[in-house]
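What follows is a set of notes on a single structure, which appears directly below.
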Amino acid sequence: MKSALGCLAILGLLLASCAPAAAPTPTKAAPPPPTVAAPPSTKAPPATPKPAEKPAAPSPSPKPSAGEPKYGGILTTGHGGDPTSLDVHQETGAASYAITAAAYNGLVKYDPHAWPEQKVVPDLATSWEVSSDGKTYTFRLAKGAKFHDGRPFTAEDAKFSFDRMRGPKVGLTASPRSQQLAAIDSIATPDDSTVKIAMKYPQASFIGLIGSFLFAVVPKHVVLEKKDDMTKTVLGTGPFKFKSYSSGVSWELVKNPDYFVKGRPYLDGVKGYIIRDGFTRFAALRTKAILWFAPFPYMSVTQTKVIQEQLSDKIALAWAFHPAWYGALFNVTKDPWSDVRVRQAVSLTFNRKNMLAVGLEGAGVVGMSAQPPGEWALPEEEMMKVPGYAKPDIDASRKLLAEAGFASGFKTDMLVRAQKPQQDLAVLVKDAVAAVGITVDLNVQETAVYNSQRDRKAFALAAGSMGSSGTDPDTLLGDMYVSGSPRNWSGYSNAQYDELYVKQSRTIDATERRKTVWEMQRILLKDIPIAIVYWSNVPYAWWKEVRGYIPPVSFYNAFGYQDIWLAN
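Take the position in the sequence shown, starting the count at 1, then add 977; the result is the number in my numbering.
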C-alpha cells in the first residue's frame, strides 16, 4: 500500500510540473461549462446527423464558456493506453483518435456547439450542393488551408483521401472505412477548389457519415512519400501539429500558427499522459496533475460520485451517451461458435440488468439489439418479448447446448482487452456461462495486441466492445455485420441481411428505412454473431479552468481541442 501511494505521489509531482499558464486575449463570452452530471441511465438522443440548412464558409465557433477566452497554455490529459498506430484512416480506437483528431480536418464536421443535436457544418469545404437525384455531391473548398509542412491543401488531396479510405487497403491493413463509403462511384476534381463525388445510388446518411473526423483529409504527397505507411506519421491541416509520442509514457501536440480558421486554436498545445491504471489516472485528475480525464477507459460511477461530493466546486462533470456496445464477440468461422445454437445458448445465460449494474455500475442501457437506444432501435415492447432480453433462461440454454452436442458444456478461451470495463465484462460473461457448463479461460492482452488478434480473427471468443462516431445504421449495422466488412470481426455472413442493408442505405424516406432496419435487427437477434449485453453512457470530467469543452454524443468526437482555452 505504501508503495502504491508513493507511486501516486511521484506521478502527481511529475505531471503537476506541466500545469498550464495562459496569456489573455479578449474575445466574446458564452455560457459556463456544465457542472452537474446527468443520470447514468440517460438514453441516446433520437436525432439523426443532418447537414446545416445553408452551409457557410468555415468560421470560428461561438465563443465558449464564461469569461474572456485566453490564448496560451497546455491542456494536460490522461489516457488509458497506447494506439495501435497513428494512421488516421487505418485505426478504429480512441487511443489513436486522441492523438490524431486535432491534427486533421474533414470536408465537413459535426458542430460541437450543437450537441446533443448531431448537425453537420463546413470544415475544409465551405459549402456543398446535392443534385436533385441525390447522386452527386459538389463541395467548394476553403482557400488558404495548408498542411503542417506548408504545402497548400487542394481538391486532389480530398479525392486522394477518399479513394484511399474506400479502397480495399489502407497502408498495412484492410480499410475500416470502405464499407461506409461503398456507395461512392467516382470522385472528380474539376479544379483545385472543387470536389465532385458521384454516388452509385442516393445514400441518406452520406453527409452524416463523413461528418466524423474519421474521414480526415490527408496530404497526398506525404502518403506517397511514405509509400502508404502512415503508422508513425501525423500531418494534416488541423489546429494542432503532432510533436512527439513515446509508447507507454506520453504524446504531445503543438499549436498550428497557420490554421485556416481565424482565431483558433487558443491553446499552445496538448500533452497526453498514458496512464493505464484507472485509479492512478483518477488520482492524477484529483491532484490536478492532469486537467482532463480522457474517456477511455471510462471513469467509474464511484469516481464520479467522489467528484460530485468532494470536488464539484473545482471539477466539472457531465454525462453523455456513447453508442458503444459491450458483449460476447463470437468468431462464427470457428467451432463451436459456428453453431448458432451455441451462440444463442450463451446469450440466454445473461442477466443483462444485473450485468449492467456490475459492469458499468448501471451507467448505461441494457442491450441485445444491434442498434443503440434511439430512433433506429427496435421498440422496447418488442425487445421485452425476445428470449434472454428481460431475464436469463438457463433451462432453454442447456437445451440448446444439448441439441448442439454439448450437454456437459465445453472449455474455451476468451480474448480480453487489458482495460477495466472489458475485463469486468469478461468476468461477468465467464460467470454467466459457467451455469451451463461452459468453462472460460481469460486471455488478457494490451490494447494493441488485442486489436491485432481481433482484426485478424485470431480468437474464438472475445469480450468485445466497440463504439461509433454516430448512431446511423450505415455505420453500426454495416461495419459489424455486412459480409466482408473490415470490421466484421465475427466473420458473420448472411445474404438476406446483406440485401436488406443495401436496401435501407438507399432508402431516403426515414419511416420506410426504419422498417428495413428493424428487419435487419430481427435477423441478428436470431443469428447472434455478437451477444450484446449493454450500451454505455460516458462521464466526462475536467478542471473548471478548462473552458470551451462540450461533451459530444460519442467520445470518438471528443478530441478536437480547437475551441478549448484555459482560464488561469
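Note that beta-carbon positions come from the ideal geometry of N, C-alpha and C, so glycine has one too.
N-terminal and C-terminal residue of the beta strand (DSSP E) that residue i is part of
i     : result
W1495 : Premise fails: W1495 lies in the alpha helix (DSSP H), 1487-1504, not in any beta strand (DSSP E).
Q1285 : Taken as a continuous stretch (DSSP letters only), Q1285 belongs to no beta strand (DSSP E), as it is neither H nor E.
N1420 : 1415-1422
E1338 : Counting along the chain, E1338 falls outside any beta strand (DSSP E), and DSSP gives it neither H nor E.
E1352 : Element bounds for E1352: n/a, residue is neither H nor E.
G1249 : 1246-1251
W1092 : Segment: none, W1092 is in no beta strand (DSSP E) and carries neither H nor E.
K1232 : 1227-1232
Residue interval of the alpha helix (DSSP H) (run including residue i)
i     : result
G1255 : 1255-1263
P1516 : Element bounds for P1516: not the alpha helix (DSSP H) but the beta strand (DSSP E), 1507-1520.
V1211 : Unbroken run through V1211: none, as it is neither H nor E.
R1394 : It is not in any alpha helix (DSSP H) - R1394 instead sits in the beta strand (DSSP E) that spans 1387-1394.
L1118 : Counting along the chain, L1118 falls outside any alpha helix (DSSP H), though it belongs to the beta strand (DSSP E) covering 1113-1118.
K1136 : 1132-1143
L1405 : 1397-1411
L1374 : The sequence as given places Ser at residue 1374; Leu does not occur at that position. Here the alpha helix (DSSP H) through S1374 covers 1371-1380.
E1358 : 1357-1360
Whole-angstrom distance between residue j and residue i, CA atom to CA atom
i     : j     : result
G1468 : P1506 : 8 Å
Q1539 : A1079 : 7 Å
P1089 : F1298 : 14 Å
T1150 : M1207 : 11 Å
L1052 : G1249 : 8 Å
I1076 : S1224 : 12 Å
V1278 : P1272 : 13 Å
M1457 : K1047 : 43 Å
A1295 : P1516 : 6 Å
P1001 : V1523 : With a pLDDT of only 31 at P1001, under 50, the local geometry of the prediction cannot be trusted, and no value is derived from it.
K1376 : D1316 : 14 Å
P1145 : S1462 : 10 Å
G1344 : S1324 : 11 Å
A1181 : Q1287 : 47 Å
S1513 : A1354 : 15 Å
R1241 : K1220 : 18 Å
A1589 : V1309 : Summary: the structure shown does not reach residue 1589, with the chain confined to residues 978 through 1545, and so no result is reported for it.
P1350 : G1339 : 15 Å
F1192 : I1267 : 29 Å
V1107 : Y1074 : 30 Å
M1142 : D1064 : 11 Å
R1464 : K1177 : 22 Å
D1140 : K1204 : 15 Å
D1059 : Q1396 : 12 Å
M1276 : L1378 : 37 Å
S1442 : V1393 : 10 Å
W925  : A1487 : In the structure displayed, the chain extends from 978 to 1545; residue 925 sits before or after that span and is not available.
L1337 : Q1157 : 30 Å
E1359 : Y1366 : 10 Å
D1168 : A1122 : 16 Å
S1152 : Q1285 : 42 Å
K1492 : F1183 : 19 Å
L1230 : G1049 : 13 Å
Nearest-angstrom Cβ-Cβ length linking residue i and residue j, presumed shorter than 8 Å
i     : j     : result
A1409 : W1314 : Incorrect: roughly 16 Å between the Cβ atoms, too far for contact.
K1232 : D1245 : 5 Å
W1520 : K1291 : 6 Å
I1500 : N1471 : 6 Å
G1055 : R1258 : 4 Å
W1542 : Y1243 : 4 Å
A1347 : L1454 : 6 Å
S1446 : S1189 : 4 Å
Own chain, CB closer than 7 Å to residue i, minus 5 neighbours either side, in chain order
i     : result
K1136 : I1164, T1166, V1172
S1170 : R1117, L1118, K1120, A1132
Y1474 : Y1458, M1497, I1500
I1187 : G1083, L1084, V1085
T1326 : P1369, I1371, S1374, A1409, V1410, A1412, V1413
W1495 : L1355
Sequence-distant residues of the same chain with beta carbon closer than 8 Å to residue i, five excluded per side
i     : result
V1194 : Y1081, N1082, G1083, L1084, L1101, F1130, D1134, A1135, S1138, G1213, T1214
D1126 : P1196, V1199, L1212
W1092 : A1297, I1527, P1528, P1529, V1530
V1335 : D1401, L1405
N1328 : K1368, P1369, A1409
Same chain only: Cβ atoms within 6 Å of residue i, ignoring 5 sequence neighbours per side
i     : result
F1532 : P1272, H1299, V1515
A1508 : G1304, A1305, V1323, S1324
T1113 : A1175
K1388 : T1416
Chain C within 8 Å of residue i, Cβ atoms only
i     : result
L1268 : In the structure shown, chain C does not exist; there is a single protein chain.
Complete runs of the beta strand (DSSP E) confined to the stretch 1045-1084 [at least 3 residues]: 1051-1056
Segments of 3+ residues assigned as beta strand (DSSP E) that fall wholly inside the stretch 1147-1210: 1161-1168, 1171-1176
Continuous alpha helix (DSSP H) assignments of at least 4 residues falling wholly in the stretch 1428-1494: 1450-1456, 1472-1483
Any alpha helix (DSSP H) of 4 or more consecutive residues that is wholly inside the stretch 1307-1331: 1317-1325
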